[in-house]
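A.B. asks: Below you'll find the structure I mean.
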Amino acid sequence: MTSPWTLDPDRYFDTEPSVRAKARELYATVADLPLVCPHGHVNPRLFSDPNAVFGSPVDLFIIPDHYITRMLYSHGIPLEQIGVARRDGGETERDHRRIWRLFCSLFHLFDGTPSGVWLKEELVGLFGVDQRPDAANADRLYDVIAARLATPQFRPRELFGRFNVAVLATNNNADDPLSDYQLMHASGWSGDVRPTFRPDHVVDLGAAGWRDNVLRLGQSAGVDVHDYASYIHALEERRRRFKQIGATAADHGVETPWTEPLSAAEAAAHFQRALAGNTQPGDAARFTAHMLIEMARMSAEDGLVMQLHAGSFRNHNPLVYEAFGPDAGGDIPVMTEFTRNLRPLLERFGNDPRLALILFTLDEATYSRELAPLAGHYPAVRLGPPWWFLDSLNGIRRYLDLVIDTTGLHKTTGFNDDTRAFCSIPARHTVWRRASANWVAEQVVRGVIDDEQAAGILRELAGDLARRAYRLLMP
Amino acid sequence: MTSPWTLDPDRYFDTEPSVRAKARELYATVADLPLVCPHGHVNPRLFSDPNAVFGSPVDLFIIPDHYITRMLYSHGIPLEQIGVARRDGGETERDHRRIWRLFCSLFHLFDGTPSGVWLKEELVGLFGVDQRPDAANADRLYDVIAARLATPQFRPRELFGRFNVAVLATNNNADDPLSDYQLMHASGWSGDVRPTFRPDHVVDLGAAGWRDNVLRLGQSAGVDVHDYASYIHALEERRRRFKQIGATAADHGVETPWTEPLSAAEAAAHFQRALAGNTQPGDAARFTAHMLIEMARMSAEDGLVMQLHAGSFRNHNPLVYEAFGPDAGGDIPVMTEFTRNLRPLLERFGNDPRLALILFTLDEATYSRELAPLAGHYPAVRLGPPWWFLDSLNGIRRYLDLVIDTTGLHKTTGFNDDTRAFCSIPARHTVWRRASANWVAEQVVRGVIDDEQAAGILRELAGDLARRAYRLLMP
Amino acid sequence: MTSPWTLDPDRYFDTEPSVRAKARELYATVADLPLVCPHGHVNPRLFSDPNAVFGSPVDLFIIPDHYITRMLYSHGIPLEQIGVARRDGGETERDHRRIWRLFCSLFHLFDGTPSGVWLKEELVGLFGVDQRPDAANADRLYDVIAARLATPQFRPRELFGRFNVAVLATNNNADDPLSDYQLMHASGWSGDVRPTFRPDHVVDLGAAGWRDNVLRLGQSAGVDVHDYASYIHALEERRRRFKQIGATAADHGVETPWTEPLSAAEAAAHFQRALAGNTQPGDAARFTAHMLIEMARMSAEDGLVMQLHAGSFRNHNPLVYEAFGPDAGGDIPVMTEFTRNLRPLLERFGNDPRLALILFTLDEATYSRELAPLAGHYPAVRLGPPWWFLDSLNGIRRYLDLVIDTTGLHKTTGFNDDTRAFCSIPARHTVWRRASANWVAEQVVRGVIDDEQAAGILRELAGDLARRAYRLLMP
């Protein structure tokens, strides 16, 4: 028989008693602070529809979470077998109990991983599960979770309050009608959910359906996009609209952070060739390099915080991409260079007090080598938290050890959960806050940080840095 | 006088008492498990000849160990002075006592290094040495070790049993006659020693004597190699023969893991030009890039596990290479890129359940950035253990911290000792097992891994992962 | 009210009691050893003029320290506002009390950074400050520090003795008249201050005013530089003169450590084109690549230790560079490659026992991948300590963990402070020695290093390695 599955109140802290005691003391001061969530991928429909529900345990925990599905896939489980929808509408497993049983029987695959940590936090902390999942208890756990999900207390809006989310930013295509936000506002619901302006699909000339994307952009902006000037105008219009409805940030994902301005004529020519379906080799990379500078200009002018996520080779596995589309786990990081690539942008806007540029990396070699020195010099530059594959207890530790020396704490931006999985948000913030408390505690016990500053520093890490960096009102 | 030289029973464990106690408890459960050695460079003649001996202490500890010789060389000791054979047959020191004295007088050079750790494990644990080597005790220690080596208990086959080696894979050129294995089998000796198929010298068009290598390959396969098709046929024949005699794996060493298919006509043309001694610039790199995919195809078909070791610039020091040949310590790692380089291979075989591709790196920047995400997605990909310069207490620690988050434990492959020095094998496994026990212990005490799983996880790390990854029968 | 600001006697040590106790015990054996400072940027005029003073607290702590000014600048403080001189002589703040108040009000920006650690060491340890700086106590602290600075005990020569500096190397352009050293020697002052030969501005064809630099080089050498041969002759003459006056080392700073010989004719042609103001694209990089080998030759011949600092993209921020000139905080590291780049140099001089080549990096990915293997093989190569952005408690820890495994301790070179800020020198050595003591202590408690060796190893790290590597006489 299995022993009870519980959460250690001192979990994730250093094992040495003096650090542990200080970490515990510090953590207690931030454990109940509201969650600041300035970057993520939660579906806004969860909140625009007051009757939205999460579905089955499998709908909640497995199908939408590419951290989970990629791990199962890597062990030879076909994605169809765990209910991931095929693009072609082909057969996939629809029996969620069956999927859940498989998942529980493979729970050991997540031992020692951040997914394993988040799952336990959620299962024990939110759903009251008291046994580690396995083949034998799978059905019972399914019932326990399904029963809770069926209660009104587990509707998204209810959980938003219970999780104590202060603010949640979503991630939206530049042509998003933003009707979910209008509905939320109109409904009188008090939750603070904000869109984020994401123009990748209209900036990357090589994006699937780029021309259609641009036409939809024009429609959403009420602008007839027929040339580069009207395209820029449409982008500006949409940014204005995003701001109006609450956005404080834009988000840009690129494989490489190359920036290089084009002359107005070159930019117009690139755009025109693309509209005509006549893109030349190299055009897409050059145009993106130019548009990042153009977007920095817009951010400097309209005040939307500019987030730059670099270094992911998207859809690396063609077989998975063709069958299941993007975001199915086949994104693999690549070596990234910021110092030379960002220089043209920083030359123009790095000293501009109006711009806030937040950099994210998947290449840890750039933390101490490039990112910390850039953020430690340019007024406009800030560092995003450890992201994606690096959002883990180890990743957080390495991040703090590698960047604070040079950037200091106050050019970092606290935490963001960057998740599609709404119910995992408290777990992710708990891990960050505990890891941060532990890091501050160790600096205090080792005499690096003055004890009197510790609680204030942790409060910054737990939420205030994120608020300030993302220009979200302090409460 | 020197105080006694002993091995601390808690060595290499964390100093914090709760982690140390848990590590000690866990380590005890695996300390006596048989050693699984799926990759290494031990000379099979040690076991095919029942009367083989190790020679002098210098033959055992110094001359064949390029970890030792390169360190001495780096401090200005000519390799001739420590008995390394010159290619030209020129003078080298033959007085082993003299070499041993020099070595003992320089023992401090190994303080804090893995070689220092292994040496102490061997000298104390295996040879009963009770004093740290120095100039004063060198002769006495020489006598102690030589006396033991002269006993029948210190013959290789005896030690194989005493070390409790479950299985030992060697590393063999593709044209190896494999007669050592036939002799072993014929002799009725029960030790499980297996060859590994290593075709680098017939795949790399730029390898010294490539044409002769290919001719020898053909002879060993009984195939008249005169074109690309017969070359492929010879390779397949030899793989069949290696499998027959016990091989479960192939091994490929490349400077860069670039993969790119050639058309059949191009491949044939490259091969033909090389046979004619007419290789063009770039041919060798292109042909290797092609052959890695071809080798993946063969592995998918015949089931030999494909090991890929990338990132070593071989024979960097021409002076040393000319005088002493390869493997004389002049191999230096280089920056390595896997994400883009492996894509053509993975596109073809990364989703193939028949293929097991084990990746090794000397570039730690690739652990979290590329390797863990690749192994955490592609069913065919697994990660090899920290290799060569990275096989150390610190290297193991960093490896576990950097890869487990994303790959999980079950896409890693435990440990392999990768050594020529047979007597160092138990020391290397001891270091790995103690470091692993300590890592698991810390995860348990910090609440990351459930206590009930700990012993099972450590058992995997200590041998079962290696068995499974290398398709070696579970006992 | 603020609690007293003090230095914990166990600061920077591990929190675990057995490591802490051993670190404390070991540190006590080196705490009072003289400081060996083989590389830095202290102005020799501080010592050539017996009446030199440090000026105000702002002259001492803020204006000349680009670690401090870049951090303030990164938070939007214009450099003019903290008294940094503009190239054009434009307005900058001259009220040092006002600058000091601003600095104290922003003291939290340095929490957790090495600058914060050094500042506290200096303020508490040297100036007897007993409160953490803040807006409220800024004026009082200013008075306390200014009063001490006004006493004869705080003159540079006095502090040199009080700091127990055994030897201090400065950094001097190749055409430096070296009159400061003549004055020091003539004055009968016993302090050991030595120049270092730095030829970057006459080697880099693209350096500002290269032609004038070369003419000044010729004048300082008494050589009419009109062609490549006379240029080489002038360099050799100046090296001879630097040696004569006490230099034991040369220093070379490059963006990339590319080395590649030119033929005599090519080198002459490059030089001639540059003299004629007719440099072609690529000339500067090729010429530097050639000159690094030429400098290695000179070092092999004249015995000056060759330091190579690679990987900084200088003056990244054109706005700051134009207004304030070089060394104003806008230097950002870049990815660096040593294995391939250094091969042509090492092929020629890597095995030469006369050469000592000390390598420095800002790219930590190269520690275990390239630098440790190079120093662990080539007799000529040694590793410099963690440098600039990496000179911190975390940086030192990572350095020791990443390089000692492969290089061993005895191919490293201990510490150098590399600072312009003379008063920060004891603080920097204290951090290094405490971090080193802690590292050795942990190796002992974990059973990696024999207890009997520990004190000797720490003594090496605390100064003897630096003396030996820089060919400074042992006392």
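Residue numbers (numbering that gives the first Met the number 0), protein chains in the order written: chain P, 0 to 474; chain F, 0 to 474; chain W, 0 to 474. Note that beta-carbon positions come from the ideal geometry of N, C-alpha and C, so glycine has one too.
Would you check if the distance between the CB atom of Pro391(F) and the CB atom of Pro384(F) is smaller than 9 Å?
C.D. replies: Translated into positions along the second sequence, residue 391(F) becomes position 392. Translated into positions along the second sequence, residue 384(F) becomes position 385. Reading off the sequence shown, one finds Ser at residue 391(F), where the question assumed Pro. Contact: no.
A.B. asks: Residues of chain W with CB under 8 Å from Gly446(P), in chain order?
C.D. replies: Residue 446(P) sits at position 447 when you count from the first residue of the first sequence. Per Cβ cutoff of 8 Å: Leu6, Asp7, Asp9, Arg10 and Tyr11.
A.B. asks: For Pro280(P), count neighbouring Cβ atoms within 10 angstroms of its own Cβ and tell me buried if that reaches 16, exposed if not.
C.D. replies: The sequence position of residue 280(P) within the first sequence is 281, counting from 1. With fewer than 16 Cβ atoms within 10 Å of its Cβ, Pro280(P) is classed as exposed.
A.B. asks: Is the beta carbon of Leu209(F) less than 9 Å from the beta carbon of His200(F)?
C.D. replies: Position 210 of the second sequence, counted from the start, is the residue given in the question as residue 209(F). Position 201 of the second sequence, counted from the start, is the residue given in the question as residue 200(F). Here residue 209(F) turns out to be Trp, not Leu, going by the sequence shown. In this structure, His200(F) lies closer than 9 Å to Trp209(F) by Cβ.
A.B. asks: With 8 Å as the C-beta to C-beta threshold (strictly closer), list the residues of the stretch 359 to 379 of chain P near chain W in chain order.
C.D. replies: Ala364, Ser367, Arg368, Glu369, Ala371, Pro372, Leu373, Ala374, Gly375, His376, Tyr377 and Pro378
A.B. asks: If I'm right that Tyr11(P) touches Arg396(F) with Cβ under 8 Å, what's the distance once you round it to whole angstroms?
C.D. replies: Counting from one through the first sequence, the residue named residue 11(P) turns up at place 12. Counting from one through the second sequence, the residue named residue 396(F) turns up at place 397. Incorrect: roughly 18 Å between the Cβ atoms, too far for contact.
A.B. asks: I need the DSSP call for Gly455(W), collapsed to helix, strand or coil.
C.D. replies: In the third sequence, the residue the question calls residue 455(W) occupies position 456. Gly455(W) falls in the helix class under three-state DSSP.
A.B. asks: For Gly413(P), count the other beta carbons within 10 Å of its own beta carbon; 16 or more makes it buried, fewer makes it exposed. Which is it?
C.D. replies: If you number the first sequence from 1, residue 413(P) lands on position 414. Gly413(P) is buried by the Cβ-count criterion.
A.B. asks: Please name the residue in Tyr230(P), Arg156(P), Leu25(P) and Leu408(P) whose C-alpha comes closest to that of Asp48(P).
C.D. replies: Counted from its first residue, the first sequence places residue 48(P) at position 49. It is Arg156(P) whose Cα lies nearest to the Cα of Asp48(P).
A.B. asks: Leaving aside the five residues before and after Ala283(W) along the sequence, list all residues of the same chain whose C-beta is less than 7 Å from its C-beta, in chain order.
C.D. replies: As a working note, residue 283(W) is residue 284 in the third sequence. Counting only residues of its own chain and dropping the five nearest sequence neighbours on each side, Ala283(W) has a CB closer than 7 Å to the CB of Asp203, Leu204 and Gly205.
A.B. asks: Roughly how many angstroms separate the alpha carbons of Val333(P) and Leu370(P), rounded to a whole number?
C.D. replies: Locating residue 333(P) in the first sequence gives position 334, counting from the first residue. Locating residue 370(P) in the first sequence gives position 371, counting from the first residue. Looking at the two C-alpha atoms, the distance is approximately 16 Å.
A.B. asks: Would you identify the three-state DSSP class for Gln476(P), choosing helix, strand or coil?
C.D. replies: This structure cannot settle anything about residue 476(P), because the visible part of chain P is limited to 0 through 474.
A.B. asks: Give the straight-line distance between the Cα atoms of Arg381(W) and Ile76(F), rounded to the nearest whole angstrom.
C.D. replies: On the third sequence, position 382 is the one that residue 381(W) refers to. On the second sequence, position 77 is the one that residue 76(F) refers to. Rounded to whole angstroms, Arg381(W) to Ile76(F) spans 15 Å at the Cα level.
A.B. asks: Please return the same chain residues whose Cβ sits closer than 7 Å to the Cβ of Met0(F), not counting the five positions on each side in sequence.
C.D. replies: For the purposes of this step, residue 0(F) is taken as residue 1 along the second sequence, with counting starting at 1. The pLDDT assigned to Met0(F) is 48, lower than 50, so where the model puts this residue is not dependable, and the model offers no usable value.
A.B. asks: At what residues does the alpha helix (DSSP H) containing Arg156(F) begin and finish?
C.D. replies: Stepping through the second sequence from its first residue, residue 156(F) is reached at position 157. Pro155 to Arg161 is the extent of the alpha helix (DSSP H) around Arg156(F).
A.B. asks: Counting only beta-carbon separations shorter than 9 Å, does Val333(W) have a partner in chain P?
C.D. replies: Within the third sequence, numbered from 1, the residue matching residue 333(W) stands at position 334. At least one CB atom of chain P sits nearer than 9 Å to the CB of Val333(W).
A.B. asks: State the start and end residues of the unbroken alpha helix (DSSP H) segment that holds Ile244(F).
C.D. replies: For the purposes of this step, residue 244(F) is identified with residue 245 of the second sequence, where counting begins at 1. If you look at Ile244(F), you'll find it isn't in any alpha helix (DSSP H); DSSP assigns it neither H nor E.
A.B. asks: Determine the direct distance from the alpha carbon of Arg466(W) to that of Arg215(F), and round the result to whole angstroms.
C.D. replies: Counting from 1 along the second sequence, the entry for residue 215(F) is found at position 216. Counting from 1 along the third sequence, the entry for residue 466(W) is found at position 467. Computed Cα separation, rounded: 55 Å.
A.B. asks: At the 9 Å Cβ level, is Glu451(F) part of the contact set with chain P, yes or no?
C.D. replies: In the second sequence, the residue the question calls residue 451(F) occupies position 452. It does: the Cβ of Glu451(F) has a partner Cβ on chain P nearer than 9 Å.
A.B. asks: Would you identify the three-state DSSP class for Ile331(W), choosing helix, strand or coil?
C.D. replies: Translated into the one-based positions of the third sequence, residue 331(W) becomes position 332. Looking at Ile331(W) - three-state DSSP - the assignment turns out to be strand.
A.B. asks: Compare the C-beta of Asp400(W) with all C-beta atoms of chain F and state if any pair is closer than 9 Å.
C.D. replies: On the third sequence, position 401 is the one that residue 400(W) refers to. Yes, Asp400(W) counts as interfacial toward chain F.
A.B. asks: Name the chain W residues whose beta carbon is nearer than 7 Å to that of Gly349(P)?
C.D. replies: Taking the first sequence and counting its residues from 1, the one referred to as residue 349(P) is at position 350. Result: Asn316.
A.B. asks: Have a look at the DSSP bridge pairing and note the partners of Asp250(P).
C.D. replies: The residue given as residue 250(P) occupies position 251 in the first sequence. Asp250(P) is bridged to Gln306(P).
A.B. asks: Tell me, please, which residues DSSP counts as bridged to Ile357(P).
C.D. replies: Taking the first sequence and counting its residues from 1, one reaches residue 357(P) at position 358. Partner(s): Gln306(P) and Arg381(P).
A.B. asks: Could you give the distance in angstroms between the alpha-carbon of Glu451(W) and the alpha-carbon of Leu105(F)?
C.D. replies: To locate residue 451(W), count along the third sequence from 1; it is residue 452. To locate residue 105(F), count along the second sequence from 1; it is residue 106. Taking the straight line from one Cα to the other gives about 16 Å.
A.B. asks: For Val213(F), I'd like the list of residues in its chain whose CB is within less than 6 Å of its CB, leaving aside the five on either flank, ordered along the chain.
C.D. replies: Here the question's residue 213(F) lines up with position 214 in the second sequence. These residues qualify, in order along the chain: Val201 and Val224.
A.B. asks: In terms of residue numbering, what span does the beta strand (DSSP E) encompassing Leu6(P) cover?
C.D. replies: Counting from 1 along the first sequence, the entry for residue 6(P) is found at position 7. Careful: Leu6(P) lies outside any beta strand (DSSP E) and carries neither H nor E.
A.B. asks: Measuring alpha carbon to alpha carbon, tell me which of Leu389(P), Asn350(P), Thr255(P) and Arg313(P) ends up nearest Leu307(P).
C.D. replies: Within the first sequence, numbered from 1, the residue matching residue 307(P) stands at position 308. Considering only alpha carbons, the answer is Thr255(P).
A.B. asks: Return the bridge partner residues of Ser311(W) from the DSSP annotation.
C.D. replies: Position 312 of the third sequence, counted from the start, is the residue given in the question as residue 311(W). Ser311(W) pairs with Pro332(W).
A.B. asks: Which residues of the stretch 218 to 248 of chain F have a Cβ closer than 7 Å to any Cβ of chain P? Give them in chain order.
C.D. replies: none
A.B. asks: Going by beta-carbon coordinates alone, are Gly88(W) and Ile98(W) separated by less than 9 Å?
C.D. replies: Here residue 88(W) is taken as the residue at index 89 of the third sequence, counted from 1. Here residue 98(W) is taken as the residue at index 99 of the third sequence, counted from 1. Cβ distance not < 9 Å, so Gly88(W) and Ile98(W) don't count as in contact.
A.B. asks: Contact criterion: CB-CB distance below 9 Å. Does Thr14(W) meet it with respect to chain P?
C.D. replies: By one-based count along the third sequence, residue 14(W) stands at place 15. Taking Cβ atoms only, chain P reaches closer than 9 Å to Thr14(W), which makes this a yes.
A.B. asks: Using only CA atoms, which one of Pro325(F), Tyr180(F) and Ser186(F) lies nearest to Pro194(F)?
C.D. replies: As a working mapping, residue 194(F) is identified with position 195 in the second sequence. Looking at the Cα atoms, Tyr180(F) is the closest of the given residues.
A.B. asks: Quick check: the stretch 158 to 178 of chain F against the stretch 433 to 445 of chain F, are there 3 or more CB pairs under 8 Å?
C.D. replies: no
A.B. asks: Could you tell me which residues DSSP pairs with Arg433(W) in its beta bridges?
C.D. replies: For the purposes of this step, residue 433(W) is taken as residue 434 along the third sequence, with counting starting at 1. In DSSP, Arg433(W) forms no bridge with anything.
A.B. asks: For Phe109(F), go through chain W and note every residue whose CB falls closer than 7 Å to its CB, in chain order.
C.D. replies: The sequence position of residue 109(F) within the second sequence is 110, counting from 1. Chain W residues near Phe109(F): Gly407.
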